[in-house]
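**Student:** In UniProt numbering, the protein residues as written are 1 to 295. Cβ atoms here follow ideal geometry from the backbone N, Cα and C, with glycine treated the same way. From a predicted model like this one, the values you see are computed outputs, not experimental measurements.
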Amino acid sequence: MRRLLTGILTTTLLLLNTLVLIGPLLVFALLKLVLPGRGRDYASWAVMWVAETWSEIDKAIFALCIPTQWDIRGVENLRRDTSYLAVSNHQTWVDIPALIESLNRRTPFFKFFLKKELIWVPLLGLAWWGLDYPFMKRYSKAFLEKHPELKGKDLEITKAACELFKRQPVTVVNYLEGTRFSEAKRQAQQSPYQHLLKPKAGGVAFVLAALGEQLDALLDVTIVYPGNQAPGFWALLNGSISRVIIDIRVRELDPALWAGDYENDVEFRQTVQAWVNRLWIEKDQRIEQLRREMS
Numbered sequence: 001m002r003r004l005l006t007g008i009l010t011t012t013l014l015l016l017n018t019l020v021l022i023g024p025l026l027v028f029a030l031l032k033l034v035l036p037g038r039g040r041d042y043a044s045w046a047v048m049w050v051a052e053t054w055s056e057i058d059k060a061i062f063a064l065c066i067p068t069q070w071d072i073r074g075v076e077n078l079r080r081d082t083s084y085l086a087v088s089n090h091q092t093w094v095d096i097p098a099l100i101e102s103l104n105r106r107t108p109f110f111k112f113f114l115k116k117e118l119i120w121v122p123l124l125g126l127a128w129w130g131l132d133y134p135f136m137k138r139y140s141k142a143f144l145e146k147h148p149e150l151k152g153k154d155l156e157i158t159k160a161a162c163e164l165f166k167r168q169p170v171t172v173v174n175y176l177e178g179t180r181f182s183e184a185k186r187q188a189q190q191s192p193y194q195h196l197l198k199p200k201a202g203g204v205a206f207v208l209a210a211l212g213e214q215l216d217a218l219l220d221v222t223i224v225y226p227g228n229q230a231p232g233f234w235a236l237l238n239g240s241i242s243r244v245i246i247d248i249r250v251r252e253l254d255p256a257l258w259a260g261d262y263e264n265d266v267e268f269r270q271t272v273q274a275w276v277n278r279l280w281i282e283k284d285q286r287i288e289q290l291r292r293e294m295s
């Protein structure tokens, strides 16, 4: 019964926080449609401030309602005036609160690359647009074979969507596995890693091609939970998760990682894939070490 009441209280407070702040966020987002030049930049800053405030209140709600210990490491030298690419393992929806706990108001508010079609989701699409989430359009190889004149247009569209990042710092989050980890998925794809699915280098190569010159460092984020299975979101809300380790390592980004054509240059593609694989080997080993510490 105590868990149920804790979950209901936490959920209610999170929903109230969202309902109160979604209005101001959407107002500033709409102002971006009508304000020119610097006015649009100020509206973007206001939207970001609302989102960061929403996140800080969520953190306060978690601190008040649940006993979860957020064991956050490696954030001492993070800055809010620079741009990062954050790469994390992905196991559960709890990963998002973990990122909020560790990065909010320590780095620029984090963003995800979204499919262009998601801009039409009611309310959320406008909120994501207001938060300057890059909406990307990816053409399939089959489509480009029929329409070769569109080759490279998807990258041009994404670079244009990221134009604001030249004037505002950003933290772009990329989940290389492309989906949440499970043991069944690991076995199905015969992943060579003990705690990770196979990484997909294409997505991060696209981000680097679009934003490489604006990114100052890589945040190598590793999230570990107690037990042998990642907890669900309800487990967080009802206070069942005792501890979460969020280990962050800042790494330099080699400009060579966005100096080529990933789609058409075989040698460059192999270079990016080798970099991603090395990153994943080290992350798999680090997860094993952190899990031993957790037990």
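1. Does the Cβ of G178 have 16 or more other Cβ atoms within 10 Å, making it buried, or fewer, making it exposed?
2. Which whole-angstrom value is the C-beta distance of I246 and V276, which I expect to be below 8 Å?
3. Could you tell me the boundaries of the alpha helix (DSSP H) in which W70 lies?
4. What are the boundary residues of the beta strand (DSSP E) that includes R251?
5. Note down the Cα distance separating N174 from M48, rounded to an integer number of angstroms.
6. Tell me, please, whether the region 69 to 77 touches the region 34 to 47 by the rule of three or more beta-carbon pairs shorter than 8 Å.
7. I'd like to check one pair, D216 with Y84: are the Cβ atoms closer than 9 Å?
8. Sorted by chain position, which residues of the same chain lie with C-beta nearer than 8 Å to I61's C-beta, five sequence neighbours on each side aside?
9. Applying the 10 Å Cβ sphere with the 16-neighbour rule, what's the burial state of I8?
10. When you compare only the Cα positions, how much space is there between Y133 and T6?
11. I223 lies in the beta strand (DSSP E); which residues open and close that run?
12. Below 9 Å between beta carbons: does that hold for P97 and L236?
13. Three Cβ pairs or more, each shorter than 8 Å: is that satisfied between the region 105 to 120 and the region 76 to 91?
14. Would you kindly work out how many angstroms separate the C-alpha atoms of D284 and Y225, rounded to a whole number?
**Tutor:** Let me lay it out:
1. exposed
2. I246 to V276, Cβ: 21 Å. No contact.
3. First-last for W70: 69 to 73, but that is the beta strand (DSSP E), not the alpha helix (DSSP H).
4. 243 to 251
5. 19 Å
6. no
7. yes
8. T10, L13, L14, N17
9. exposed
10. 33 Å
11. 217 to 224
12. yes
13. yes
14. 14 Å
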